[in-house]
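So the sequence shown is residues 1 to 1025, counted in the working numbering.
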Amino acid sequence: MKNFIFGVFVLLFFHGHLYAQDIKGKVLDENGLPLPGVNILSSTSSSVSDFDGNFSINAKVDEPITFTFLGYVTLTINAAENMSVTMKMSSTDLTEVVVVGYGTQKRTDLTSAISTIKSDQITKQPAFNALQSLQGKAAGVNIIANDAPGATPTIIIRGLGTAESGRSPMYVVDGVITGSIANLNPNDIESFDVMKDAASAAIYGSNAANGVVFITTKKGKLGKISIKINSFYGAKSILNPVKMANSSQFVTYFNESRAAIGNPDRLALNQPYDTDWYDALAGTSFSQGNDVSLSGGSESVTYYFSFNNYEEDGLLEGHKVARNVLRSNNIYKAFDGKLKITQNVSAAFTKSTPKPYSSFTEAYKQAPIIPVYYPNGRYGMSYWNKTTGLPDYIIGAGQQGGRLNSIGNPVANVNFQNEKNKMMELQGLLQADYTVTDWLTATTRFGATKSYSKTRIYNDIRGRYLAADPLKTLADFLNDQNGAPTSTVFANNSLSYKDVESFRYNWDTYLTASKSFGKHNFNATAGVTKERRNDIYESFIEGYGVPEQENYWNLDMASLRYTKVVTQFFQTPTNVLSYFGRLQYNFDEKYYVSGTIRRDGNSNFKKNADYWGTFPSVSVGWVLTNESFLSEVNNLDFLKLRAGYGEVGNANVPFNATSIITNPGSANTNYVFGPNQDLVFGGAVGSPATNLTWEVTKEINAGVDFELLDRRLSGSVDYYNRINTNAILNVKPILNSPASQNYYDHGGEVRNKGYEIALNWKDNITEDFSYSIGVNYAHNKNTLENVKPAYDGMTGGSLGDGQITKRLQEGQPIYSWWLLEADGVWQTQAEIDANPHFGVPQPGQLRYKDQNGDGVIDDRDKKFFGSYIPKFSYGINVNLAYKNFDLSVDGFGAGGNKVYNGLKGTRVDAGENIAAETFNNRWTGPGTSNTNPGANRDALSSSYYLEDGDYFRINNITLGYTFKDMFNISRLRIYGTAQNPFLFTKYSGFTPELNNSGAPNETAGIELAAYPNIKTFIFGINLEF
């Protein structure tokens, strides 16, 4: 019996050790790097992987063990000794955490329209400004490119909602409200969360009418130190340059134009120069970037440090931008994790030497027969000898000379601009989160941005004097100088200093409560925030006659013979006090409701009776796949319906700075003007519309989120209807009277409505081959509604030559094209005499349609031709991975709009150059063309110069190869990138992306001057240790 009992004891002892032992192993990510913080669960115990991804858990051999980690696919495998577990990133976005303003939320719980772009989509193409990498990544988010070095792209969310007020969204970096992210290192960004609808953005109240872009920067993670190094080098050149007429074509065109008007002046057919001004002005330029980051952490401290250097040359000689950015993000925990202190600090230092972009316009217009330099080394200018027909500034006895045109020398313009800019921006965040109980957290956060900029401009007055007229000599300049010794017009030079300081901060304090009662889940946030912005100081000093010195930058050495110009400017800061609250509820993760309210008081509107505004929102959601009647539907993994309503404001409005003076001596003594359309008799002086306040936008949004086919296909569809209920317009105060000063008033409503579709497909063909395809499409209709009668019909879109192109009209998009309709080309004088016409046209000029049939061509015959605002935009993103190779291709486009080729339309001086296409397709006699005019075309603005604004751009092609665990390097990737290699468009100018080239009532949609599109080829390397 004793032996039996002993045997049973031994059997039970070894049975326990055989089936309940410590299972050890290591968790890695797809790149083979350790993954700390992974939750591991067996049937009897749980564990978490350490800094190096190692874990130990008590489990039976072959027992299922589950590995979970946010953002990764949950993995369940059987336990074994010395396990090596590789976790893959989740193919669905529903597990991610989304920033919702003063908090976060799981994407599955969202009831509003928020698009998220992650770091891997941002950093795959090197960029100076991170906004460039958002192009085509989110439906309804239109990024308007600007290829100039250091320039900031423009972002328009869900259409243009204002005519005169600020059009940019609100930017928030880790909770710090900022006016720009131009100095943010793209490699420091973890994610963008774009709040597109009013329901999501209402928590930010009067700042959020144009949407909110929330940027989350990278933080350190639990684990050993991680070091990452990124470096690239790129070469840039002009993409699709406009081909201009050569010397021979220009001479022919010029002579034809002179003959048409009976002018005897002619250019000689054989010219000594054939200048390609684009080639003389711009060539291949280069850019480079280097980035180093160090991160890691323990249970009590995590840290992230980075340094970024970026240098870029412009196409114009001497144009350079260099930026260095330092960042430190640290999180400290104390009192068993109840207290968390977050400290983020960044410092950006930028130097630049700007050059005039107007040189590209001059290169377009300057005649090819003009040389860059004369043989004696002087700059070529647009002088010509009318007797010989040659470009010569020396006119002999009995000969005649003159100016061919009024255009300067583009190369001289670049060389004479000597400007240096320095800028420093400091941004900091200090935040404390304290867990009062397991369901209540208190947060206070102070964020501030301080910036300094210094601009120094040296103007070589003497050099410009001599370059402007090749016949002038130094003796001539000295004679003029002696004749007017105190006149700054004849000073040798001038040197100006401009210094600007600005400061803004926001201080937020709020409570967050999260509690569940059975299937009832609540989350509430309430707080107060204080914001101060536009605290700006500017100083300007200009001196003359600076003696020769290194770089000419010492203003103290300016000559005392000339009076220094000294000005100072202080801008009264804006103070905003706000109270906000949000309540979110869901039942059993099926039915969701969320409501927010914000109350803003803004010091800019103190003149108003009530400068407080209230901005509410409410949204609901229904997860149908959590219902029993859909839980078993094949291939339907997730389906949610959501709808919301919200109100947001735009406090970035213009103010009236001038008085309106009416003339009592006028025959018309009753005037209609002002916000209330009051009748004013006789003369009056005052500032109209003093009750300007923020614009208020109201929006409804309805959408559906879904995942299908084992979560390989995911997407969303949204419909929205948003209206700016009190849009500010720039209007004339008095109708039919001598007073014509414009002023601002709430004069109408602007509506944007449309829909957005986003689809994403991710799949693995084999274990070594995976791919993903993302497409998005957005359609938007912009309409001006309920315009005050006195303001309907205001015009804009001036070309600078007396011609206008736009009109403000109820029922049309904001400032739509309003033009004469080109109706062919006059072929003969007999045809002209027999039909209505404008002025005294000639054969070869455009004819215009008599819309009202009164037999006269005038402004009453103008009609609407659509808008410069795109009706639709779209993007496509393709990613392929085969073993260690990766390939990505991104593209985006927009269309449904018209753009005005102002460079072509304002060219009426025969001495200015033309595009080769204009020369090749011109009218040269009866029957040769009924579409394109001849060389003697008129200057009227018409539909002839209006072109399709549709385009599609391939903005990124990247091919990379990754080496793993080589030479003690965890990961080494080399890659080549082509940025903007292809642009597909019918537009004949520089770029069709003109929908933000100026204010809506001015040059938006008109190409009068533009920086050319650029293509860049890059080689880079990524290292991880």
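Beta carbons: idealized from backbone N, C-alpha and C, even for Gly.
Please read these numbers as outputs of a predicted model, since none were measured by experiment.
By Cβ distance below 6 Å, which residues in the same chain neighbour residue i in space, the five residues on each side in sequence not counted?
| i | result |
| --- | --- |
| Ile1021 | Ser231, Ile974 |
| Ser293 | Lys228, Ser306 |
| Leu887 | Leu880, Leu959 |
| Ser295 | Gly220, Ser226, Tyr304 |
| Thr625 | Phe638, Leu639 |
| Asn776 | Ala139, Ala758, Gly875 |
Exposed or buried, which one is residue i when buried takes at least 16 other CB atoms within 10 Å?
| i | result |
| --- | --- |
| Lys606 | exposed |
| Pro264 | exposed |
| Glu30 | exposed |
| Tyr671 | With a pLDDT of 43 at Tyr671, under the threshold of 50, the predicted position of this residue should be treated as unreliable, though the coordinate-derived value follows. Buried, because 16 or more other Cβ atoms sit within 10 Å of the Cβ of Tyr671. |
| Arg158 | buried |
| His520 | exposed |
| Arg807 | buried |
| Asp1032 | In the structure as shown, the chain starts at 1 and stops at 1025, and residue 1032 therefore has no counterpart that could be examined. |
| Glu531 | buried |
| Leu281 | buried |
| Asn668 | Interpretation of Asn668 is limited by its pLDDT of 43, a score under 50 that renders its predicted location unreliable; the figure taken from the coordinates is listed afterwards. Exposed is the call here. |
| Asn782 | buried |
| Pro272 | exposed |
| Lys137 | buried |
| Lys355 | buried |
Looking at the structure shown, is residue i part of a helix, part of a strand, or coil, going by DSSP?
| i | result |
| --- | --- |
| Asn240 | coil |
| Phe904 | As written in the sequence, residue 904 is Lys, which differs from the Phe given in the question. Lys904: helix per DSSP, three-state reduction. |
| Lys890 | Looking at the sequence provided, one finds Asp at residue 890 rather than Lys. In this structure, Asp890 counts as strand in the three-state DSSP scheme. |
| Leu35 | coil |
| Trp277 | helix |
| Tyr987 | coil |
| Val878 | strand |
| Met87 | coil |
| Gly925 | coil |
| Asn263 | coil |
| Tyr944 | helix |
| Leu555 | helix |
| Pro547 | coil |
| Asn676 | Only weak support is given to the placement of Asn676: the predicted model assigns it a pLDDT of 39, under 50, and the question is left unresolved by the model. |
| Glu1024 | strand |
| Asp50 | coil |
| Ala999 | coil |
Return the chain-ordered list of same chain residues with a C-beta closer than 7 Å to the C-beta of residue i, the five sequence neighbours on each side being excluded.
| i | result |
| --- | --- |
| Tyr944 | Ala822, Leu846 |
| Glu589 | Val623, Asn626 |
Can you name the start and end residues of the beta strand (DSSP E) that residue i belongs to?
| i | result |
| --- | --- |
| Arg751 | 743-764 |
| Phe503 | 494-517 |
| Ala363 | Segment 358-365 is the alpha helix (DSSP H) holding Ala363; no beta strand (DSSP E) there. |
| Leu339 | 339-353 |
| Gln568 | 565-571 |
| Asp637 | 636-650 |
| Gln417 | 417-437 |
| Thr217 | 212-217 |
| Ala199 | Here Ala199 belongs to no beta strand (DSSP E); instead the alpha helix (DSSP H) covers 198-201. |
What are the start and end residues of the alpha helix (DSSP H) that includes residue i?
| i | result |
| --- | --- |
| Asp1033 | An answer regarding residue 1033 cannot be provided, because it is not within the stretch 1 to 1025 covered by the chain. |
| Thr828 | Where Thr828 is concerned, there is no enclosing alpha helix (DSSP H), given that its DSSP letter is neither H nor E. |
| Arg462 | 461-468 |
| Gly483 | 474-483 |
Less than 8 Å between C-beta atoms, sequence neighbours within five positions excluded: which residues of the same chain meet that for residue i?
| i | result |
| --- | --- |
| Ala558 | Leu495, Gly543, Tyr544, Gly545, Val546, Lys564 |
(message) For the stretch 975-989 against the stretch 950-964, do three or more pairs of beta-carbon atoms, one drawn from each stretch, fall closer than 8 Å, so that the two count as touching?
(response) Contact between the stretch 975-989 and the stretch 950-964 is present, because at least three Cβ pairs lie under 8 Å.
(request) Evaluate the contact criterion for the stretch 964-971 versus the stretch 871-881: three or more CB pairs, one atom per stretch, below 8 Å. (result) No, the stretch 964-971 does not touch the stretch 871-881.
(request) Flag this pair as touching only if the stretch 393-407 and the stretch 327-344 have three or more C-beta atom pairs under 8 Å; answer yes or no. (result) At 8 Å Cβ cutoff, the stretches do not touch.
(request) Check whether the stretch 783-796 touches the stretch 808-819, counting contact only when three or more Cβ pairs, one atom from each stretch, lie closer than 8 Å. (result) A contact is defined here as three or more CB-CB pairs under 8 Å, and the stretch 783-796 meets this definition with respect to the stretch 808-819.
(message) Does the structure place the stretch 607-627 close enough to the stretch 639-658 that three or more beta carbon pairs sit under 8 Å?
(response) The answer is yes - the stretch 607-627 touches the stretch 639-658, with three or more Cβ pairs under 8 Å.
(message) Can you confirm whether the stretch 157-177 touches the stretch 443-450 when touching is taken to mean that 3 or more C-beta pairs between the two stretches lie within less than 8 Å?
(response) Contact between the stretch 443-450 and the stretch 157-177 is present: three or more C-beta pairs spanning the two stretches fall below 8 Å.
(message) Assess contact between the stretch 236-247 and the stretch 337-349, defined as three or more Cβ pairs (one per stretch) separated by less than 8 Å. Is contact present?
(response) Short answer: they don't touch.
(request) Indicate whether the contact test is met: 3 or more Cβ pairs, each with one atom in the stretch 63-82 and one in the stretch 24-42, closer than 8 Å. (result) When Cβ pairs closer than 8 Å are counted between the two stretches, the stretch 63-82 is seen to touch the stretch 24-42, the count reaching three or more.
(request) Count the CB pairs spanning the stretch 209-224 and the stretch 457-466 that are closer than 8 Å, and state whether there are at least three. (result) Under the three-pair Cβ rule at 8 Å, the stretch 209-224 does not count as touching the stretch 457-466.
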